[in-house]
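When the letters of the sequence shown are read in order and numbered with numbering that gives the first Met the number 0, they come out as residues 0 to 338. Think of the CB as a built atom: it goes at the ideal place given N, C-alpha and C, for glycine as much as any other residue. Below is one structure, written out as structure tokens, with a few remarks after it.
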Amino acid sequence: MQAVGNHIGSYKAGLSLFGVIPCGSLTIDVVPETKVMPAGNAVGIYLESDGIMVLGTSDVQGNDGFMYHPAKNIINAGDYLLAINETSVQNIQQVASLLQNNGSKTVTLKIRRNNKDLQIKLNPIATKDGSYSLGIWLREDTEGIGTMTCVLENNTFAALGHGITDVDTGLLIELNNGGLYQATVNKIVSGKKGTPGELSGIVHLNNNNKIGSVLTNNHWGISGKVSDHAYQYQEEKGISLALKQEIKTGKASIRCQLGKEIRDYEIIIDEVQMNAKDNKDLVLRVTDPELLRKTGGIVQGMSGSPILQNGKLIGAVTHVFVNNPRKGYGIFIEDMLTK
């Protein structure tokens, strides 16, 4: 049992049957009432992986005309390249330079696989253009547009409501560092049955447009610190969080940015699922005529849009029903901020 109060701690309360017969005790955890500032603004997200992600391997045509596959069954998609011949690598350009300088000699790679560091040896292939290749496809960073959910009193932010995965491997990106940037939504593609819509926009990845730093990327979303004063917590905009037990089916709203305007749109919470998986705790349905007219419902880029009910922040939008864009899923804000 949880109770919101002014004094934090655990208290033991006696229980009695019909107020007469003692029948045990129950520990009650008293938690402080947390205030957050709901956001709803579109943001540009840039993540640099902790190591260079391997997307896969391929054949390489040697300068002799034969095909080789030097990394087959040795390097796996989802591995992270950390070093070449004991030199740490930061980007793909550096990898190419080190391989070129190494020539045809056997090269030692340090990789991380399933949180374990491994040393492997490969033989580069000399190609017709004079370069050397291992037949490995790599990605060092990723970027996109999402929605900021809320800002806490200490200027920590939460966004998306689900982790950022690599588009090719489907694996959660292991984060080295990242940034949150101002974004301008300049195109809306409406969702249709079988084809999710999306918010398209412009993101300028420079310090003048930086809102803050991304510090974590996990199954429940991204979080970090807001550095731009204009986006930091404002006490007059703070509202309470709802525990999952407080959330009811029925009327609610989502807050999101379409174009330059950030505003609330009406929805219905159809289901509250206490034991759901994959961040699908809430089943929601868009009823707002204007949102339906503009987007057709839930679209890509709206992930993280705060869900509000009875003056409290209850969750964030996470997914859209592919076959019915008017419906989507949401995550409990309680889980998003504590896991």
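Buried or exposed: where does residue i fall if 16 or more other Cβ atoms within 10 Å of its Cβ makes it buried?
{"i": "I201", "result": "exposed"}
{"i": "F65", "result": "exposed"}
{"i": "N278", "result": "buried"}
{"i": "N216", "result": "buried"}
{"i": "D78", "result": "buried"}
{"i": "V321", "result": "exposed"}
{"i": "G310", "result": "exposed"}
{"i": "S48", "result": "buried"}
{"i": "G193", "result": "exposed"}
{"i": "G13", "result": "For G13, the predicted structure reports a pLDDT of 40, less than 50, and the residue's modelled location is therefore unreliable. The matter cannot be settled from this model."}
{"i": "R325", "result": "buried"}
{"i": "S9", "result": "Residue placement at S9 is poorly supported in this model, since its pLDDT is 37, which falls under 50; the coordinates still yield a value, given next. Exposed, since its Cβ has fewer than 16 Cβ neighbours within 10 Å."}
{"i": "G348", "result": "In the structure displayed, the chain extends from 0 to 338; residue 348 sits before or after that span and is not available."}
{"i": "T26", "result": "With a pLDDT of only 46 at T26, under 50, the local geometry of the prediction cannot be trusted, and no value is derived from it."}
{"i": "R254", "result": "buried"}
If distances are taken between C-alpha atoms only, which option among the options comes closest to residue i?
{"i": "I203", "options": "I44, N175 and E32", "result": "Here residue 203 turns out to be His, not Ile, going by the sequence shown. Per the Cα distances, I44."}
{"i": "S304", "options": "K120, S252, I110 and D334", "result": "S252"}
{"i": "T33", "options": "G196, E270, S239 and K186", "result": "S239"}
{"i": "G300", "options": "S96, F320 and G196", "result": "G196"}
{"i": "G314", "options": "I246, N323, V298 and I210", "result": "I246"}
{"i": "D280", "options": "S87, K243 and E85", "result": "K243"}
{"i": "N72", "options": "L121, G50 and G310", "result": "L121"}
{"i": "T337", "options": "L151, A95, S96 and R111", "result": "L151"}
{"i": "F331", "options": "T148, L97 and T183", "result": "T148"}
{"i": "K109", "options": "N208, I83 and Q93", "result": "I83"}
{"i": "Q256", "options": "T107, I119, I163 and I144", "result": "I144"}
{"i": "G312", "options": "K209, Y67 and M335", "result": "The sequence shown places Leu at residue 312, not Gly. Here the closest residue by C-alpha is M335."}
{"i": "A76", "options": "H218, T183 and I51", "result": "I51"}
{"i": "V184", "options": "N274, K259, S103 and Y67", "result": "K259"}
{"i": "T294", "options": "H228, N205, N274 and S199", "result": "S199"}
{"i": "T164", "options": "V88, H218, N205 and N90", "result": "H218"}
{"i": "N205", "options": "K191, S189, Q181 and H228", "result": "Q181"}
Using a Cβ-Cβ cut-off of 6 Å (strictly less than) and excluding sequence neighbours within five positions of residue i, which residues of its own chain qualify?
{"i": "D167", "result": "L54"}
{"i": "I74", "result": "V53, T56 and I135"}
{"i": "T105", "result": "K120 and N122"}
{"i": "R138", "result": "M52 and L54"}
{"i": "H228", "result": "none"}
{"i": "Q308", "result": "A251"}
Per DSSP, residue i forms a beta bridge with which residues?
{"i": "A38", "result": "Answer is none; A38 lacks a bridge partner."}
{"i": "N216", "result": "I221"}
{"i": "D263", "result": "R254"}
{"i": "G143", "result": "I44"}
{"i": "R111", "result": "Y79 and D116"}
{"i": "R284", "result": "I267 and K326"}
Within a Cβ cutoff of 8 Å, which residues of the same chain sit near residue i, ignoring the five residues on either side of it in sequence?
{"i": "E289", "result": "Y264"}
{"i": "V213", "result": "I44, Y45, L46, L174, N176, G177, G178, L179, I221, S222 and G223"}
{"i": "T126", "result": "V59, Q60, G61, N62 and S132"}
{"i": "A70", "result": "T56, L121, L133, G134 and I135"}
{"i": "S302", "result": "G145, T146, L159, G160, H161, A315, V316, T317 and H318"}
{"i": "L117", "result": "K109, I110 and R111"}
{"i": "H68", "result": "T56, S57, D58, V59 and G134"}
{"i": "N101", "result": "I83, N84, P123 and Y131"}
Does the beta-carbon of residue i, which I'm using as the reference point, lie nearer than 7 Å to any heavy atom of the ligand GDP?
{"i": "M301", "result": "With respect to the ligand GDP, the structure offers nothing, as it holds no ligand at all."}
Does the CB of residue i have a neighbour CB from chain C at under 8 Å?
{"i": "L240", "result": "Of the protein chains in the structure, only one exists, and it is not chain C."}
With a threshold of 7 Å on Cβ separation, who are the neighbours of residue i within its own chain once the five nearest residues in sequence on each side are excluded?
{"i": "M36", "result": "C149, V150, Y232, Q233, K236 and G237"}
{"i": "A95", "result": "none"}
{"i": "T86", "result": "L97"}
So does the segment 212-230 actually touch the segment 135-155, counting three or more Cβ pairs closer than 8 Å? yes
Pairing CB atoms from the segment 266-286 with CB atoms from the segment 125-145, are three or more of them under 8 Å? no
Can you find at least 3 beta carbon pairs, one from the segment 168-183 and one from the segment 265-274, that sit closer than 8 Å? no
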